[in-house]
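Following: one structure in structure tokens, then a few remarks.
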Amino acid sequence: MIMLFKNNKTLQVSRQYWKWILSTSLFLLPFLIYSPGINGPFVLDDFPNIVWNQKVHITSLTTENIIDAANSVKSGPLGRPIAAVSFALNYYFDNRLDKPVTFKLTNIFIHSLNGVLILFFCTLLFTRISQRYPSAKFFQNERSIFHGSLACAGLWAAHPIGLTSVLYVVQRMTSLSAMFVLSGLIAYFYARKSLSNSMYKKGYLYASLTLFCGIFAIFSKENGVLLLPYIMLFEFILFPDAYPWNYWNKLRPTIKYALYAILISACILFLLFALQTWLPGYSNRDYSAMQRILTESRVLIFYIGLMLVPRLSEFGLNHDDIIISTSLFSPWTTIVSIIIIVALISYAILYRKKYPYFSIGVLWFFTSHLLESTIIPLDIAYEHRNYLALLGPLFVLYEMARALAKRGANKTSKYIFIILILSFSFTTLIRSQSWSSLALLFETETQNHPLSPRSWMDLANLQETMGESEKSIVSLDKAIALNPYEPAYFANLFYKYRYLHKGIPPNFDVRFDRAIKKNPNSPMLFRLLDNIDRCLEKDCQDLRTTQEKWLMKITLYTNKPAYYYYLGHSLESSGKTSEAQHWLSLAKERLGDNR
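If you count the sequence shown from 1, position 303 lands on 318 in the numbering used here, and the numbers rise without skipping.
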């Protein structure tokens, strides 16, 4: 008997030992597969948010410096102060910007930590699914739940679609927000467990922790607000009869109707607020709100395909080569995508008890895209939007594995997961190699996405910095051929002709004017003119005449206050005081009207 006890104890210690080894391996995996890209440079939005942002270049940890850094990033309506402070701390401890090694190592650390958090989160989730739906039970004991959760976390940590959230430094905003969301969900499950055991104080403590994690997630990036829809999803599928929902049937019909009315009214008010807030943003886009929504249906299916079957040639930084849907049938894949999405969501809701992993996976994926893939006037597609959404298709894979296990192919499903982790890791390792230098990155982008104008624009800017001005002009011409209505491309091409002392082509002004008329509120053009305005009195004095000429044209087609201000500032710096006052007054007047 004593011998049996000793053997059981040894077995338990051995299992705990292996858990630590496997968990540590999970944590170290991202450091291995992302190692080729660690020495890569800053790219694109890293520059305005980090490299050129003097407020995050702190040399002492004073309260004033931390507050200044927190308020220095202008991304999103809340400024993402927690992410901004993390950039400042990186600079403080490294004090260099020539190579962002420590910035990228920090990103990889956060990604690794998120992998471990997903391990704990999935352990709690799978345990609850087994308790709630015994007929749909897949994991037989605590050990199998741990192995299943480890496989899910490993697939997530190794998947190549997460690369831009790791090696693209500024996308720490995404991974940091996800870290707090995952922490909040873990606290939520512990709160639910405590409440079910009548441990109310402990339950409310965990619920408070969930709330604090949500606040930190939102101030890292605004999509941290999705913590609430995630919780509502789990309440709907896993806790429909738990407290406080078990009191619903005891309520009087009048109270129920009143609550329904309040809920419907709140939804209508939110919808009206959203339309009023977001629709004006489409004046800066070359697609309408409806066109974006239609296009996103195809984009979501594209994301799912990338997750289930990763292809190196399909991954990219911009994805601006995706055709805009102008109607349900143009292109025809729009209506097909919408039908697939409606079918998936409907099936997930109707068969949630029979196929809980599939249901949670489908609803999790679409919940993850409620903000960035709906009506908000953002760019059409970016891979970092799938950082947490990736868990959805992985849960669907578990439903497929459960089907195999029912047919006696349990070992086969295990081997499939191992092969997938190795395959994802190898693909990510290859992809991270292209992030080791800007030249390799942008050359890879243009090879994989030859119809992406932004990729050609990025390559053109790189070629310019490398002294390859002639090649830069060729790349810019390709960008213009792909998108002839982006005035920023013409503006950049003008500077390159000017730098090389080459004559401007005869039809250049006509094409430039046509692009300005078509797209006067181009975000890229706005950033370009804003940068010129900032250096008018320093290094850009010779650009005043050009700036004024362009702004005179732009103000014919838009009444954006910033453009009035830039024109007034340029005229003022040229000594044209009376004209400057006219435009500055218009800017002030227009700004007041917008308020």
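For every residue, glycine included, the Cβ atom is placed at its ideal position computed from N, Cα and C.
Contacting residues, own chain, Cβ-Cβ under 8 Å from residue i (five flanking each side not counted)
i, result
"P499", "R526, R529 and A530"
"Y221", "A202, Y203, Y205, A206 and S209"
"L343", "L309, T349, I350 and I353"
"T138", "I160, F161 and S164"
"G590", "none"
"Y215", "S209"
Contact set for residue i: own chain, Cβ-Cβ below 6 Å, skip 5 residues either direction
i, result
"P325", "P175 and T442"
"L508", "L491"
"C167", "C137 and L409"
"R143", "L253"
"V131", "F42"
"I339", "Y302, Q306 and T310"
"H399", "T179, S180, Q186 and T189"
"L453", "P56 and L477"
Residues near residue i in its chain [Cβ-Cβ closer than 7 Å; skip 5 each side]
i, result
"L435", "L170"
"S611", "The structure shown does not extend to residue 611, since the chain is modelled only from 16 through 610, so no value can be given for it."
"S449", "L455, L456 and T459"
"F231", "I97 and F195"
"I316", "S352 and I355"
"K575", "N536"
"V184", "F57, D61, I65, P115, F118, K119 and N122"
Cα-Cα separation between residue i and residue j, rounded to whole angstroms
i, j, result
"P9", "V351", "Coverage of the chain is limited to positions 16 through 610, which leaves residue 9 absent and any answer about it impossible."
"Y148", "I355", "27 Å"
"I602", "S593", "The question names Ile, yet the displayed sequence has Ala at residue 602. Going from the Cα of A602 to the Cα of S593 covers about 15 Å."
"H126", "I519", "48 Å"
"D60", "S374", "36 Å"
"C228", "I433", "33 Å"
"L241", "M415", "27 Å"
"L599", "D545", "15 Å"
"H597", "L586", "10 Å"
"D394", "R307", "9 Å"
"G407", "P51", "28 Å"
"F62", "R549", "15 Å"
"I391", "N156", "44 Å"
"Y370", "Y245", "18 Å"
"A418", "N212", "33 Å"
"D336", "A396", "10 Å"
"E563", "L582", "6 Å"
"S145", "R367", "13 Å"
"G218", "E250", "15 Å"
"T225", "S487", "51 Å"
"I360", "V377", "7 Å"
"V489", "Y504", "12 Å"
"F108", "A84", "15 Å"
"R605", "T573", "11 Å"
"N534", "A304", "16 Å"
Whole-angstrom C-beta distance between residue j and residue i, which should lie under 8 Å
i, j, result
"L37", "L165", "6 Å"
"A103", "I81", "7 Å"
"Y578", "T570", "6 Å"
"N238", "P538", "Actually they are not in contact, since the Cβ atoms of N238 and P538 sit about 20 Å apart, beyond 8 Å."
"S90", "N68", "Their Cβ separation, rounded to whole angstroms, is 11 Å, which puts S90 and N68 out of contact at 8 Å."
"N54", "S451", "6 Å"
"S388", "V314", "7 Å"
"L497", "L466", "6 Å"
"F380", "A404", "5 Å"
"M322", "N401", "7 Å"
"Y106", "I73", "6 Å"
"A506", "L540", "7 Å"
Environment of residue i [buried if 16+ CB atoms lie within 10 Å]
i, result
"W565", "buried"
"L19", "Unreliable placement is indicated for L19, whose pLDDT of 44 sits below 50; no coordinate value is reported for it."
"D256", "exposed"
"T179", "buried"
"E113", "In the sequence under discussion, the amino acid at residue 113 is Asp, which differs from the Glu named in the question. With fewer than 16 other Cβ atoms within 10 Å, it is exposed."
"F57", "buried"
"Y275", "exposed"
"Q478", "buried"
"R559", "buried"
"L365", "exposed"
"S328", "exposed"
"L197", "buried"
Residue i: CB within 7 Å of a non-hydrogen atom of the ligand COA
i, result
"D473", "The ligand COA is absent from the structure shown, which contains no ligands of any kind."
Contact between the segment 179-189 and the segment 200-218 (3+ Cβ pairs under 8 Å): no
Sufficient close CB pairs (3 or more, under 8 Å) joining the segment 156-165 to the segment 114-131: no
Given 8 Å, three or more beta-carbon pairs between the segment 328-338 and the segment 464-475: yes
Three CB pairs or more closer than 8 Å across the segment 84-94 and the segment 43-55: no
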